[in-house]
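Novice: These protein sequences, in sequence, are chains A and B. Straight run, no breaks: the first sequence in my numbering ends on number 123. Straight run, no breaks: the second sequence in my numbering ends on number 466.
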Amino acid sequence: MLRDDIIEYSLDAHHSEEHGKVLRKKIWVVTGLLTLITAVEVFLGAMIKQGSDFWPFVKWGFVIMTIVKAYYIVMSFMHLGDERKGLRAVILVPYFIFIFYLIFILLWEGTAVSEALITHSVN
Amino acid sequence: MSGHATKQIDNKTLWGGKISPFSTSYGKLMMWFFLVSDALTFGGLLIAYGFTRHASTDGAWPIGEETFNSLPGLGHGYPLIYVALMTFILIVSSVTMVLAVEAGHRMDKKGVTRWLLATIIGGAFFVGSQAWEWSHFIHGSEFGKVELADGSQAVVHAKGFGELENFTVIEAGRHHKKGDKITEDLMHEYQHAAAAGHIHDGVITLHDGSKAKIAKRANEHMELRIKSDGAKYKIGDVIPHAQAINMYEEVINSGEAGRVIYGANLQQNEYGPQQYGQFFFFITGFHGFHVFSGVIINILILFGVIGGVYHKRGHYEMVEKTGLYWHFVDLVWVFVFTFFYLV
């Protein structure tokens, strides 16, 4: 069955055998990295107790490691790194504007609500 | 203009308007747009969770390594290991998906079939693991969370739960006769009665209205960790075994409803504030549903691959597009893992 509503093409949808070898090596390197980061996260989570002196560092370490993992998933696995600069910007810039705004709201309003709950507590 | 193609694109491959924005195909770009909007949904959910946790004044927020410390068949004492395993499974299934896409670029139909199948199996394992995790979360621990006499709330950390041996009926009900020894379904009856306040001084009132004496071994080394302030105990206090064991029995045998909570539902949970349980179900549920949908979509695409649909078309872009969705699901889990389980 031939359908004319499907655009029968994709740019950069093919590569050679040799290039495939290079790509596969890169995939396994990224896999190793993601696994390693996850292992480190779990180790720290199980070892360092919340509330200990190290905890603030561990907590921010988790956030940084998460962003590193996200970077590799998006750039390597989802091939956004291979797309055009314009497409990268169209996807990432609006997202980060919204998310940073929402994080700001979270901290600002969260603190205000928490204070109000404590001040006007019925208990 | 970065939006326009720099190299010549074959006339029949251009979009309807005879251009090709960002030199991508229509399907891939639309998938990216969908993923951005879905990422905002997940971002919004996680930020709502963060907001609630930040603003919460309703006792201590649960700690991931204390709440999720079990393995199937092996019991407690394995902090975060199971969820780490789930994360690893999902990452691996993401890797097999990239390998399927890579094989597609070489028009290697066998390779695509193999790797796509591996991805589906990984995804199914993840959904199954999540079902176990939910079941465990809903049923909770053997001890539950208790409300102490001073109004504070405490979770129990213990070496072992003293085994329930039997119930000896001392007052007949609709079903059991006096003198009967009940040996089945004890734990279920016990927890149900304890939560409803139907245990008083070692005597349990069963479903059918009969009363029975409980034979139970002593709990092994337990301590109570305070999670919500009371008149005497404050958040962070730990009550040692010698006192804890009596205080715990006092709560169970009080005959008052609602002093002990087992597991979780949308109204209450034994781990922490009500919202904690609600967000757990909503966020992991929403993500789990994405994984489930992804598995179904991958299965449909696998049928296409095996049937040779994409091979005839000349490219495996369909696999690439579902691949984008599948990686996105992995990406979301990376964030859920950090903000729900680790931090």
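Here a beta-carbon is modelled for each residue, glycine too, at the ideal position from N, C-alpha and C.
For the stretch 417-433 of chain B, which residues have a CB atom closer than 7 Å to at least one CB atom of chain A, in sequence order?
Specialist: Listed by position along the chain: nothing, the set is empty.
Novice: How many Å lie between P56(A) and Y205(B) at the Cα?
Specialist: Here residue 56(A) refers to the residue found at position 56 of the first sequence. Here residue 205(B) refers to the residue found at position 82 of the second sequence. P56(A) and Y205(B): Cα-Cα distance of roughly 24 Å.
Novice: Just to confirm, are L203(B) and E189(B) a CB contact at a threshold of 7 Å?
Specialist: Here residue 203(B) refers to the residue found at position 80 of the second sequence. Here residue 189(B) refers to the residue found at position 66 of the second sequence. Contact flag unset, no.
Novice: Near Y201(B), which residues of its chain fall below 8 Å by C-beta distance, leaving aside the five closest residues on each side in sequence?
Specialist: In the second sequence, counting from the first residue as 1, residue 201(B) sits at position 78. Cβ neighbours of Y201(B) beyond the five flanking positions: N192, S193, L194.
Novice: Identify every residue that forms a DSSP beta bridge with V383(B).
Specialist: Residue numbering aside, residue 383(B) sits at position 260 when the second sequence is read from its first letter. Bridge partners of V383(B): V269(B).
Novice: Given this structure, state the Cα-to-Cα distance separating H434(B) from H413(B), to the nearest angstrom.
Specialist: On the second sequence, residue 434(B) is found 311 positions in, with the first residue counted as 1. On the second sequence, residue 413(B) is found 290 positions in, with the first residue counted as 1. The alpha-carbon atoms of H434(B) and H413(B) are separated by roughly 28 Å.
Novice: Whose CA, out of L92(A), H15(A), A116(A), V74(A), lies closest to the CA of V455(B)?
Specialist: On the second sequence, residue 455(B) is found 332 positions in, with the first residue counted as 1. Of the listed residues, the one whose Cα sits closest to V455(B) is V74(A).
Novice: Could you check where the alpha helix (DSSP H) with Q276(B) kicks off and where it finishes?
Specialist: Mapped onto the second sequence, residue 276(B) falls at position 153. Where Q276(B) is concerned, there is no enclosing alpha helix (DSSP H), although the beta strand (DSSP E) it sits in stretches over 276-283.
Novice: Please classify D4(A) as buried or exposed, where buried requires at least 16 other C-beta atoms within 10 Å of its C-beta.
Specialist: Residue 4(A) sits at position 4 when you count from the first residue of the first sequence. For D4(A), the predicted model reports a pLDDT of 46, less than 50, meaning its position is unreliable; a value from the coordinates is still stated below. Label assigned to D4(A): exposed.
Novice: In whole angstroms, give me the CA-to-CA distance for E372(B) and N392(B).
Specialist: Position 249 of the second sequence, counting from 1, holds the residue named residue 372(B). Position 269 of the second sequence, counting from 1, holds the residue named residue 392(B). Looking at the two C-alpha atoms, the distance is approximately 20 Å.
Novice: Measuring CA to CA, which of T219(B), T164(B), Q366(B), N376(B) is closest to H321(B)?
Specialist: As a first step, residue 321(B) is located in the second sequence; it is residue number 198 there, counting from the start. Of the candidates T219(B), T164(B), Q366(B), N376(B), the one whose C-alpha sits nearest the C-alpha of H321(B) is N376(B).
Novice: Is the stretch 47-67 of chain A touching the stretch 217-234 of chain B in the sense that three or more CB pairs, one from each, lie closer than 8 Å?
Specialist: At 8 Å Cβ cutoff, the stretches do not touch.
Novice: In angstroms, rounded to a whole number, what distance separates the CA positions of I384(B) and A318(B)?
Specialist: Position 261 of the second sequence, counting from 1, holds the residue named residue 384(B). Position 195 of the second sequence, counting from 1, holds the residue named residue 318(B). About 6 Å.
Novice: Using a Cβ-Cβ distance cut-off of 7 Å, determine whether G61(A) contacts chain B.
Specialist: Against the first sequence, residue 61(A) aligns to sequence position 61. No, because no Cβ of chain B sits closer than 7 Å to the Cβ of G61(A).
Novice: Excluding sequence positions up to five away, which residues of its chain have a Cβ less than 7 Å from the Cβ of A89(A)?
Specialist: Reading the first sequence from its first residue, position 89 is the one you call residue 89(A). Excluding residues within five positions, none has a Cβ falling inside 7 Å.
Novice: Considering only residues of the same chain and omitting the five flanking positions on each side of P363(B), which have a CB-CB separation below 8 Å?
Specialist: In the second sequence, the residue the question calls residue 363(B) occupies position 240. So the list reads E346, once near-sequence residues are dropped.
Novice: Considering only DSSP beta bridges, list what I362(B) is partnered with.
Specialist: Counting from one through the second sequence, the residue named residue 362(B) turns up at place 239. Bridge partners of I362(B): L347(B).
Novice: Who are the Cβ neighbours of Q401(B) in its own chain at under 8 Å, not counting the five residues just before and after it?
Specialist: Taking the second sequence and counting its residues from 1, the one referred to as residue 401(B) is at position 278. Result list for Q401(B): L389, in chain order.
Novice: At which residues does the beta strand (DSSP E) containing E256(B) begin and terminate?
Specialist: Position 133 of the second sequence, counted from the first residue, corresponds to residue 256(B). Counting along the chain, E256(B) falls outside any beta strand (DSSP E), though it belongs to the alpha helix (DSSP H) covering 232-262.
Novice: For Y101(A), is the classification buried or exposed, using 16 other Cβ atoms within 10 angstroms of its Cβ as the cut-off for buried?
Specialist: Reading the first sequence from its first residue, position 101 is the one you call residue 101(A). So Y101(A) counts as exposed.
Novice: With distance defined between alpha-carbon atoms, name the residue in L465(B), T445(B), Y464(B) nearest to F157(B).
Specialist: Along the second sequence, one-based indexing puts residue 157(B) at 34. Selected option, being the one with the closest Cα: T445(B).
Novice: Determine the burial state of F104(A): buried for a count of at least 16 other Cβ atoms within 10 Å of its Cβ, exposed for fewer.
Specialist: The residue you call residue 104(A) lines up with position 104 of the first sequence. That one is exposed.
Novice: Looking only at C-alpha atoms, which of R24(A), E17(A), G32(A) sits nearest to W238(B)?
Specialist: Sequence index remark: in the second sequence, residue 238(B) carries index 115 (1-based). Of R24(A), E17(A), G32(A), the residue nearest in Cα terms is R24(A).
Novice: Which residues in chain A have a C-beta closer than 9 Å to the C-beta of I214(B)? List them in chain order.
Specialist: The count along the second sequence starts at 1 and reaches residue 214(B) at position 91. In chain order: T31, L34, T35, T38, K69, I73.
Novice: Exposed or buried, what is M47(A) when buried is set at 16 or more other beta-carbons lying within 10 Å of its beta-carbon?
Specialist: Locating residue 47(A) in the first sequence gives position 47, where the first residue counts as 1. The residue in question, M47(A), is exposed, as its Cβ has fewer than 16 Cβ neighbours within 10 Å.
Novice: Is it buried or exposed, H298(B), if we count other Cβ atoms within 10 angstroms and call 16 or more buried?
Specialist: Stepping through the second sequence from its first residue, residue 298(B) is reached at position 175. The residue in question, H298(B), is exposed, as its Cβ has fewer than 16 Cβ neighbours within 10 Å.
Novice: In the DSSP assignment, find the unbroken beta strand (DSSP E) run with T27(A) in it and report its ends.
Specialist: Within the first sequence, the letter at position 27 stands for residue 27(A). Position check: residue 27(A) holds Ile in this sequence, whereas Thr was assumed. First-last for I27(A): 17-47, but that is the alpha helix (DSSP H), not the beta strand (DSSP E).
Novice: For T461(B), does the three-state DSSP call read helix, strand or coil?
Specialist: Position 338 of the second sequence holds residue 461(B). Residue state, collapsed to three classes: helix.
Novice: Just to confirm the assignment, what range does the alpha helix (DSSP H) spanning T164(B) have?
Specialist: In the second sequence, the residue the question calls residue 164(B) occupies position 41. Counting along the chain, the alpha helix (DSSP H) containing T164(B) begins and ends at 149-178.
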